[in-house]
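What follows is a set of notes on a single structure, which appears directly below.
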Amino acid sequence: MPHDRCTVPGCRDTLRRVTLVEWDGVSCPFHLVCATRAHRTKGYAEQYFLCCPHHTLAEQLVRRGYFPSSPDLPTYAFSIKLLDFYYHLWFQSADSAMAAAAALHGFHADMGFVLKNSKGQMIDEGYRRPLQYAIQWYDILRNQLDGKVEDLVSAKRRWSDAWSEHDSQRTTAAGSATSPTPPVPDARTRCSEYLIECCGMCFDDVHFGRGVDEGCDIHVGGDANFSQRHNFVAGDCPPFRYQGVYQLSPERVAAMETKLEEAGKRPRGQYKGGVPNEDLDACQDSHTAGTSSKEKVKSDRFDDKGVFALICRHGIPLCFMNVTDPGEGQKYMLAGLEWLAEQLPPRATVAGYYDVGCITDRTRQLYDVLPAGFSDRLVFVTSAMHSYAHQWTCQIIYSPRMKKGMGLTDGEGVERLWSALRMLIPKLRAVSRRRRLVLLDRQLQRLGRRMRQNLGKWMRRRRKAIQDKSEKAAAQLVKSGHTRRYLSKQWEEQRRAELSVRSHPTNRLRKSLDAVLNLQEQADALDESIKAAEKSISGSSREATTAANRCIRKLRSSQADLLAEAQSLYATLHIDQEFEEIRGLGLEFTAVLLQAHEAKRTCRLLLQRRFQEWKTLDSAHGGQGLPVGTSIHTRTVAAMKKRTPTIQRALKAYNDLCERLRSLRPVGSDFPLPQPLSTELKHLKNNDQLMQDVYIASNEGPAPAWLVDETVRSGIRAMLVLERCAEEGLRLDREARNLMRWHRREAAAVAAACDDPSSTPSAALYQPDFAFVQLTPPATPPHRRRVRFADDPDIRTFVAECDYSEPEDDTDEDNDELEEMAIPKSPSRRRRDAFLDDAIVISSDEDSASDSDSDEGEVADDDSDIEMTQGPRHAPAVTIPPAPKDSLDLLPNIDIEPASWLRLVSQRRWLNDECVTTGLSALAREYPLRLDTFCALSSFELTCWMDKMGIESLYRHVESIAPWTRDAVIVPVNEGNVHWVLAVVWPKCGVVEIFDSLARSQRPYHAQMVYQYMHAITEYARRRDPSIAPLPSAWVARPMVSDAQQSNLSDCGVWILCTAAALLEGKRITARGEADIPLVRAALATLIRKHCMQVPDT
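Heads up, the working numbering is the position in the sequence shown plus 5, with the first residue counted as 1.
What follows is the structure, encoded as structure tokens:
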């Protein structure tokens, strides 16, 4: 027997038979008895156990590696490894337990192991029911263990030493369980521990209170999914113990609904969003979201209609709510924001992304249902991908691409979450009602953990997207030929004009014109009747024709009288004087203008529906979404074909009105006419002309440039993209600091929990968490990369090394080398700063081993000579064309660490690499006009060259600025962290100038090294692009000074920065003396403080 009899007096043993199920037929770890003794290698085995209250059957099974199908009296037990495999398989494919049981049963049957009952008959169901029970209980146990681990780690987070730890080493034991617990930090100064656990990148911040123009502190998004519904016939199950993580209680949603109903009975507030109510009503009519009366699901078949989720900016779920209404009411979004407000500090500002954010914003302002003070700190934004369904005025206020401070947050993370959960749709419709919510919660936990592990990849992709978007927008801005200041002014004028009440025909104007337009319509109808009568009498007798013509003349007279009365009524009402926007345009032109206004809105509404149909069909293309099925696809395409003629007729009617307006516009009037729309529907989806209403405003003066000049409109779009990219860069820098702060605290808390003697029995449970947050992992293999961030040097190491999750299907991952780096060879080279586009190249170092092992692409560096000569004491003449002053906005932010900052502001301290690099970056911001002709490399470039880094990697570092095309290249040379020398290369002239503040006897290797580097990367560039001009064959090197400029060994870095400033000023050498060095240090500190994102306190 596997268990001896109980030795406790009076205890009675019970013999139980259990069927032990293995995965692949491996024999059980102990001897089998009874009938199964001869079958040691079958997929299952029957085993007898002696159990008692002191040695329970479940305990014995778990000790032997099996999990029972029931806690009390199990008849089956499954291998824990098998359950772990299914656990991970379900998270990836959502295969049901029934399918797993059938597959396991069939697999054993193919091996000759048929499961039979006590009568010797084959069991058809196999392991279905016991496996389902075992999986359910095993999942509940895992959830409880996860909760226990989190509780223990959370207790350690509250220790002051764990919260204040800032290095990457494991902390010592934080104390035993009997030690006193320090006070919890003030919850009003930080986000809740739950939110920080969900996404430290968003919520582990220490500063709050940023305004809308700064992008707010936190971005969240919400949306509902009505595919995740539950069939009514599937029923429910008895309640079982489960500690949920993400689900909000239905009582909270019901309470918000009650608040909205009660608020509707009180006097309304005032909406101050800036969008006309008519446009908001049109947005509400074009959406099914935000209105519970618009049914999305038939209520007779489903009891739970869907799921509403709230996520952070990075797509990590924060909470979800079960949707029981057939429509998507605003109560779900407001309930989620109410819950979020309880988790945030009282100063935190929030940007909420929602498909109908404009409608919800109006509701929020009209009805006071959110916590006190939170409404003032909340702004609503519409999701980026739903912009075509909103009115143009709504987009100006609520679109994230037009709203200042929002960066590149699109608010579509919920859609990506639904895509990740799409495999659950058929499974969760058939499970019990409570089980559905549990499975959703467990899957969201898994997704949240994977997304947190992928934050490094996310940030790397986002930085690459910023670079690509900025480059394209900058080219478009240059192509427009306008400065950013001019475009910014035009954009503000457009916003004021589009949002002005006079830019839209008011109800009062329509009412005033109704009587006039009715007379005009009667006259038009009479004209049509006369023409029809003339055609009908064309074959009659002469007498009949004469009589008919007499009647037609009378009708013509009546028509003229109607037109005269209409004109008289129009003049009597003084409409053109009361309404300034139509003054001097005349009755007929005004009537046609209003018709064009309505016709364009009709076209927009029809096209929005067509775009939504395209989205439904395209979502299944290439596996991006759920397949719609052949039948649905066929019916959708057929319905689209039927509606296409209606869309074409609407477009033709609008275009005809545009032509008619062109002919009716008064002579000499500059009133801007609406532009016709293309009849090719695919060209209208991203067309701004479609989204903008017909311009109705005063025609005094010339038409504004933003309305009639396409180059201005194109430049405004490029300017907005550049602004959003710059804002996104600032937010990414802030998030990088948050991520590092969270990582350090989490590592300290987990290490303290592992080292606590009171938690030793649970030490194995901490290993997954500790593996994720450990700061000192093993050496990174050559194929792994590390990402550079702007704030802390340790962040670069952390992000990629903590990327332990499975790879994602993302094509953007193939082109991330420009943003990656590997481990440096020595500590002195650890610090590298961020890129400074078009001005300073601070390159990242790829893994030397992987690059140096490959000889492909290497360029010889010892086949040329360079002559050292005194030469003339003047630099080659350089023609510097003017550059737009706005190019300064394209430079990324710079920063400096506290230790380096102290070196700079202290007297007689040697400047390190970071001080020199930051100083050059600040100088580049002061001289933006020189960025097209000057560039600077970091000292690390030459170090990589001396270390024999592959030429391909070196080329990638400088490819974006192409130093071989510049007139001058500034290269600081670090002589073993002892002395600084400045090399100025004039590639087109074949000259290398060396500035040495000590004026030592010239050492040729400085110029030789710089020349070899320039020659190597230029030759490699010419291999890729033969049009690049070769460098001169004869080179001259000369010193820039002949007398020593300093008498100490600490100011050399300051001297080379002075020389660089003189070069950017257009001079050759600085006029400062050694006595001025303290003032120069102070000036450099002031300059860096001016341009630095965050200067450390001194």
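Beta carbons are placed, not taken as given, at the ideal position from N, Cα and C, and that holds for glycine. Remember, it's a predicted structure, so these values are computed and weren't measured experimentally.
What's the call for residue i, buried or exposed, on a 16-neighbour Cβ count within 10 Å?
i	result
Tyr372	buried
Asp972	buried
Lys462	buried
Val1015	buried
Pro272	exposed
Ser562	exposed
Cys196	buried
Arg837	Residue confidence is low: Arg837 scores 30 on pLDDT, short of 50, so the model does not pin down where it sits. Its coordinate-derived value is still stated next. Classification for Arg837: buried.
Gln149	exposed
Gln629	Low confidence applies here, because Gln629 scores a pLDDT of 41, under 50, leaving its location unreliable; read the following figure in that light. Gln629 comes out exposed.
Met456	buried
Asp330	buried
Tyr143	buried
Pro832	Only weak support exists for where Pro832 lies, its pLDDT of 31 falling under 50; the value from the coordinates is given anyway. Classification for Pro832: exposed.
Thr551	exposed
His879	With a pLDDT of 36 at His879, under the threshold of 50, the modelled position of this residue cannot be trusted, and the question is left open.
Cys12	First, the residue type needs correcting, since residue 12 is Thr and not Cys in the sequence shown. Exposed.
CB-CB under 6 Å to residue i, same chain, minus the five flanking residues each way: which ones, in chain order?
i	result
Gly227	Leu315, Met338, Gly341, Tyr359
Tyr960	Ile1022, Tyr1025
Cys399	Val280, Asp284, Cys288, Cys363
Pro185	Its pLDDT being 37, under 50, Pro185 is placed unreliably by the model, and the measurement read from it follows with that caveat. Nothing meets the Cβ criterion.
Ala478	Ala723, Val726, Leu727
Leu200	Phe208, Gln348
Leu560	Ile535
Cys663	Pro679, Pro681
Ser232	Ile430
Cys1057	His984, Trp985, Ser1002
Which partner residues of residue i appear in the DSSP bridge assignment?
i	result
Glu980	His984
Phe1000	Leu987
Ile316	Gly226, Pro322
Asn1053	Paired residue(s): none; Asn1053 is not in a bridge.
Val355	Ile223, Leu383
Asp309	His235
Ile975	Ala941, Val989
Ser911	Partner(s): none; Ser911 has no beta bridge.
Arg21	Phe54
Of the residues the options, which one's Cα is nearest the Cα of residue i?
i	options	result
Ile1074	Ile999, Asp1056, Gln1013, Met116	Ile999
Val755	Leu442, Asp156, Cys56, Tyr92	Asp156
Ala723	Asn459, Asp900, Arg406, Arg369	Arg406
Leu987	Asn1053, Leu1068, Asp115, Ile966	Leu1068
Ala731	Thr923, Val154, Glu957, Gly412	Gly412
Gly269	Ile145, Met464, Asn236, Arg369	Arg369
Leu611	Arg648, Arg555, Val672	Arg648
Asp714	Val119, Pro681, Pro677	Pro677
Gln600	Asn459, Leu62, Pro331, Leu656	Leu656
Tyr1018	Ala1080, Leu942, Asp1048	Leu942
His1096	Val997, Tyr932, Ala239	Tyr932
Cys357	Pro350, Leu345, Pro351	Residue identity differs from the one stated: residue 357 is Gly in this sequence, not Cys. The candidate whose alpha carbon is nearest that of Gly357 is Leu345.
Arg555	Ala538, Ala569, Asn1053	Ala538
Asn660	Leu426, Val597, Arg742, Gly117	Val597
Ala607	Glu733, Val717, Ala394, Lys1072	A small fix is needed here, since residue 607 is Thr in this sequence, not Ala. That would be Ala394, whose Cα lies nearest to the Cα of Thr607.
Asp83	Val258, Ser905, Lys124, Ala139	Correcting the residue type first, residue 83 is Phe in the shown sequence and not Asp. Nearest option by C-alpha distance: Ala139.
Please return the same chain residues whose Cβ sits closer than 7 Å to the Cβ of residue i, not counting the five positions on each side in sequence.
i	result
Arg215	Cys221, Asp222, Thr354
Ile85	Gly70, Tyr71, Phe72
Arg440	Cys242
So, for residue i: in the same chain, excluding its five sequence neighbours on each side, which residues have a beta-carbon less than 8 Å away from its beta-carbon?
i	result
Arg1027	Ile1033, Pro1035
Arg10	Asp18, Leu55
Ala107	Gly131, Arg133
Ile721	Leu492, Gln495, Trp496, Gln499, Trp711
Could you give the uninterrupted runs of the beta strand (DSSP E) lying entirely in the segment 206-252, keeping only those of 3 residues or more?
223-230
Mind listing, in chain order, the continuous beta strand (DSSP E) runs of no fewer than 3 residues lying wholly within the segment 68-110?
71-73, 81-84
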